[in-house]
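First up is the structure itself, then whatever we jot down about it.
There are 2 protein chains.
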Amino acid sequence: MAKISEHYVLIIPKDVARWLGYDDTGPRDAWKIGDQFINVNVTSESHEASLLWFLWYVRQCGGSNRIMSTDNGGQQRKFIGGSQQISERIADKLGKDKLLLEHAVCSITQNDQSMQVSCLNGEVFKCRHVILAVPLPLQTRLTFDPPLPSLRNQLIQRAPMGSVIKTFMYYDRPFWQEMGHSGAAIIDDEEALIEFIFADTKPDGTKPAIMGFILAGRARKYVTLTKEERRDKICKLYAKVFETDQALKCVHYEEQNWLAEQWSGGCYTVMMPPGFLTTFGREIRKPVGRIHFAGTETATEWSGYMEGAVQAGERAAREILFDRGEIDQSEILKDEPENEFVKPMPFPTTFFERNAPSVGGLLKILGCVSTLAVACSGAIFYRRFKT
Amino acid sequence: MAKISEHYVLIIPKDVARWLGYDDTGPRDAWKIGDQFINVNVTSESHEASLLWFLWYVRQCGGSNRIMSTDNGGQQRKFIGGSQQISERIADKLGKDKLLLEHAVCSITQNDQSMQVSCLNGEVFKCRHVILAVPLPLQTRLTFDPPLPSLRNQLIQRAPMGSVIKTFMYYDRPFWQEMGHSGAAIIDDEEALIEFIFADTKPDGTKPAIMGFILAGRARKYVTLTKEERRDKICKLYAKVFETDQALKCVHYEEQNWLAEQWSGGCYTVMMPPGFLTTFGREIRKPVGRIHFAGTETATEWSGYMEGAVQAGERAAREILFDRGEIDQSEILKDEPENEFVKPMPFPTTFFERNAPSVGGLLKILGCVSTLAVACSGAIFYRRFKT
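First to last, the protein sequences are chains A and B.
Going by this note's numbering, the first residue of the first sequence is number 13, and it counts up by one from there.
Going by this note's numbering, the first residue of the second sequence is number 13, and it counts up by one from there.
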């Protein structure tokens with residue numbers, strides 16, 4: 013696959029290199045790529061996120077190849093016409109009279125007999141069960157009667173939503189493609205506001221565009237600029253990355269600043285800080301009375317993605333079926349059936365990947381190497397002092 | 013001052029030892045006491061809190077002596093009759109018709125002309141300015157129109173309230189005093205639910221009691237027990253600490269589980285995680301339109317304490333006076349006048365404290381020591397190989 017200009021080709025590990033279509037790997041800054049891998053996957057900085065949680069996050073998406081791949085992986089598919097259509101079709105199916113928009117909930121009251129949900133607009137609803145499918149930090153917006161259990165009251169304060177501004181730069185022509193480049197790149201520049209870009213031209217070749225992520229700390233830094241200032245900075249960056257002034261001549265710019273979103277708090281998903289999983293992990297999807305918790309944050313596979321939201325919603329629905337005596341407890345947690353149209357294929361692995369030592373094995377090897385190194389230094393010392 | 017049983021005397025650094033009335037210091041586990049110092053001061057674990065923030069927190073309370081001291085420091089005074097009297101007396105002064113209890117606010121709307129505050133109970137108020145004096149994470153309970161600026165929208169998700177259960181064990185007689193103990197102790201036991209205790213007998217000698225803190229991770233661990241189970245565990249712990257069965261015979265037990273508090277979120281104050289101050293620090297007390305932010309979390313001295321709440325409230329009030337053209341901008345930030353009745357006195361310092369090297373100096377010393385150590389090892393190697 014085509015490469016971007018030499019100045020901006022990162023020499024990166026095989027997993028990520030393959031995802032970007034690079035075949036050449038070599039010496040590089042492992043810490044930096046680690047940070048960028050965290051930035052792009054969970055829109056947080058490595059000094060904020062729990063490593064245990066991040067490793068879980070990558071694992072529950074099938075590993076580092078699966079989560080990052082635009083081919084045979086998590087970044088593979090888009091919806092022609094946009095994914096908003098899913099919500100619209102479900103709304104049609106449900107009947108729009110059953111779907112209440114602009115009804116922000118402000119309190120949930122429950123006792124043994126009944127439940128009551130009150131909205132900011134003053135409307136009140138009675139119900140038998142509630143499924144709360146909003147991100148953890150947004151649950152702090154609700155007043156609960158009785159109050160939430162202690163751990164849940166503290167849990168929802170401790171997992172903030174990530175930070176990302178998603179940007180789209182539109183051009184007359186896909187100049188990167190004409191130059192032989194794929195349009196996908198990791199930008200290795202501390203001063204650059206964008207770290208990852210993808211070509212985002214429509215499947216029929218119209219509307220040539222580059223999608224770029226402003227991630228984590230950079231999102232919080234550059235969010236204080238105006239939209240126009242960000243557009244100009246990004247154009248200049250792309251001109252540097254592709255080494256052409258054509259990148260300066262954008263015809264349109266769109267962005268979605270998720271940091272400003274009051275009703276989601278951020279994007280893509282929650283960030284769990286050090287100690288969170290071990291302290292609060294078991295509470296994330298534990299029902300509180302007849303309040304059940306869905307939302308992609310409560311999924312056990314593809315949490316953070318749409319697939320996770322579906323899994324979590326179905327699990328929460330089955331919790332209610334169980335409460336109503338309609339299914340057995342053992343049926344609540346169920347694996348999602350494999351998608352018949354998009355089957356995940358195994359990734360080719362290298363000899364090293366198949367034969368790499370475990371952590372224990374690696375420590376033993378390092379131990380031997382250290383002992384050898386000390387012995388060698390001793391010998392060198394001895395020779396120097398002796399001669 | 014009296015000591016507790018040998019088994020539970022921690023050998024601790026001078027600052028903390030002096031606070032507890034110990035004069036003897038010696039070898040100890042520096043990490044452990046560091047953790048306990050963080051636990052008791054900010055009710056969080058060292059793996060959660062930002063070190064920069066923690067150091068700031070201790071500094072803005074006048075340093076480690078001032079923040080911890082029960083004599084000439086932050087832990088010195090209590091209110092006979094309880095500190096709730098302050099609120100009650102202010103309420104009397106204000107006139108109780110001006111103070112609305114049970115009016116939880118759920119939204120704040122502002123435009124150039126007016127502001128509107130809506131409550132969960134449906135009541136709506138018009139006003140010219142709002143001072144929001146609730147902890148940062150509780151500000152997520154409100155719906156803002158227009159929405160908060162991006163950084164503030166993310167800030168309030170990122171500073172959770174700490175975790176503590178404050179316990180009071182009442183006895184017939186102050187057996188610890190009769191044994192010659194002060195009743196204050198750090199309990200150095202991984203399995204103990206309580207880390208810090210203080211005698212809490214009334215000034216007239218009635219109601220002998222021991223106050224104990226269940227802190228940070230331990231609060232989250234032991235909050236799942238019932239109140240009675242905690243009482244029994246604490247009695248057994250005190251019996252072990254003081255080496256007497258008298259501790260088992262409590263006459264009453266009270267506790268305040270701050271983790272369960274929906275309207276504060278936790279206690280004593282917010283915990284700022286790594287990266288928070290450098291990213292969001294400047295936003296903490298920046299007004300949003302005519303919404304001004306008070307509360308002890310926004311103070312610059314004794315933040316986390318009642319003194320900080322007073323400083324922050326007065327500063328927010330002066331912001332409004334400035335907005336109304338009644339004072340100059342330079343008058344907004346003002347040092348609190350020194351309390352005439354409780355003057356902070358300097359602490360006696362040791363020779364080492366006065367002459368300790370700076371971080372730079374210390375690194376230089378360590379550098380020399382390391383070079384010497386390497387040279388010595390070389391010499392030893394040489395001697396061993398030679399002989």
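Even for Gly, the Cβ is constructed at its ideal location relative to N, Cα and C.
Contact list for residue i against chain B, beta-carbon separation under 9 Å
i	result
residue 269 of chain A	162
residue 315 of chain A	In chain order: nothing, as chain B lies at least about 18 Å away.
residue 297 of chain A	Result: empty, since nearest Cβ-Cβ is about 17 Å, beyond 9 Å.
Exposure of residue i, with buried meaning 16 or more beta-carbon neighbours within 10 Å
i	result
residue 296 of chain A	buried
residue 368 of chain B	exposed
residue 286 of chain A	buried
residue 139 of chain A	exposed
residue 264 of chain A	exposed
residue 63 of chain A	exposed
residue 94 of chain B	exposed
residue 362 of chain A	exposed
residue 133 of chain B	exposed
residue 188 of chain B	buried
residue 77 of chain B	buried
residue 162 of chain B	buried
residue 175 of chain B	buried
residue 150 of chain A	buried
residue 260 of chain A	exposed
residue 304 of chain B	buried
residue 60 of chain A	buried
Rounded distance between the beta-carbons of residue j and residue i, thought under 8 Å
i	j	result
residue 301 of chain B	residue 122 of chain B	5 Å
residue 72 of chain B	residue 343 of chain B	That belief does not hold up - the Cβ atoms of residue 72 of chain B and residue 343 of chain B are roughly 21 Å apart, past 8 Å.
residue 45 of chain A	residue 58 of chain A	Not a contact, Cβ separation roughly 11 Å.
residue 1 of chain A	residue 129 of chain A	Beyond the ends of chain A as shown, which are 13 and 399, falls residue 1 of chain A; an answer cannot be given.
residue 159 of chain B	residue 165 of chain B	7 Å
residue 79 of chain B	residue 85 of chain B	7 Å
residue 52 of chain B	residue 207 of chain B	7 Å
residue 356 of chain A	residue 276 of chain A	About 28 Å; that fails the 8 Å criterion.
residue 55 of chain B	residue 280 of chain B	6 Å
residue 179 of chain A	residue 224 of chain A	5 Å
Contacting residues, own chain, Cβ-Cβ under 6 Å from residue i (five flanking each side not counted)
i	result
residue 269 of chain A	177
residue 311 of chain B	320, 323 and 324
Contacts around residue i, its chain only, beta-carbon distance under 8 Å, and the 5 residues preceding and following it disregarded
i	result
residue 272 of chain A	235
residue 245 of chain A	205, 234 and 237
residue 289 of chain B	62, 64, 65 and 68
residue 103 of chain A	111
residue 257 of chain A	251
residue 82 of chain B	31, 88, 196 and 210
Beta-carbon neighbours of residue i, restricted to chain A and to distances below 7 Å
i	result
residue 235 of chain B	162 and 163
residue 159 of chain B	272 and 274
residue 173 of chain B	169
residue 149 of chain B	152 and 169
residue 116 of chain B	155
Residue i: first and last residue of the uninterrupted beta strand (DSSP E) it sits in
i	result
residue 221 of chain B	221-227
residue 427 of chain B	Residue 427 of chain B lies beyond the residue range present for chain B, which begins at 13 and ends at 399; the question has no answer from this structure.
residue 296 of chain A	Run containing residue 296 of chain A: none; DSSP gives neither H nor E here.
residue 99 of chain B	Element bounds for residue 99 of chain B: not the beta strand (DSSP E) but the alpha helix (DSSP H), 96-106.
residue 209 of chain A	208-211
Partners in chain B for residue i, counting only beta-carbon separations shorter than 7 Å
i	result
residue 153 of chain A	152 and 153
residue 134 of chain A	134
residue 122 of chain A	Residues of chain B passing the Cβ test: none, with the nearest at roughly 14 Å.
residue 7 of chain A	Past the edges of chain A, shown from 13 to 399, lies residue 7 of chain A, and the structure says nothing about it.
Delimiting residues of the alpha helix (DSSP H) encompassing residue i
i	result
residue 333 of chain B	318-335
residue 290 of chain A	288-292
residue 269 of chain A	First-last for residue 269 of chain A: 264-269, but that is the beta strand (DSSP E), not the alpha helix (DSSP H).
residue 283 of chain A	Taken as a continuous stretch (DSSP letters only), residue 283 of chain A belongs to no alpha helix (DSSP H), as it is neither H nor E.
Listed by chain order, chain B residues near residue i by CB distance under 8 Å
i	result
residue 59 of chain A	286 and 287
residue 229 of chain A	287 and 291
Proximal residues of chain A, C-beta to C-beta of residue i below 9 Å
i	result
residue 126 of chain B	Chain A residues near residue 126 of chain B: none, gap ~19 Å exceeds 9 Å.
residue 278 of chain B	165, 166 and 169
residue 76 of chain B	In chain order: nothing, as chain A lies at least about 24 Å away.
Residue i beta carbon near the ligand SAM (any heavy atom closer than 6 Å)
i	result
residue 314 of chain A	This structure lacks the ligand SAM; in fact it carries no ligand of any kind.
Contact set for residue i: own chain, Cβ-Cβ below 7 Å, skip 5 residues either direction
i	result
residue 169 of chain A	152
residue 126 of chain B	138
Within chain A, the residues that residue i reaches when beta carbons sit closer than 8 Å
i	result
residue 294 of chain B	Neighbours of residue 294 of chain B on chain A: none; closest Cβ ~10 Å, over 8 Å.
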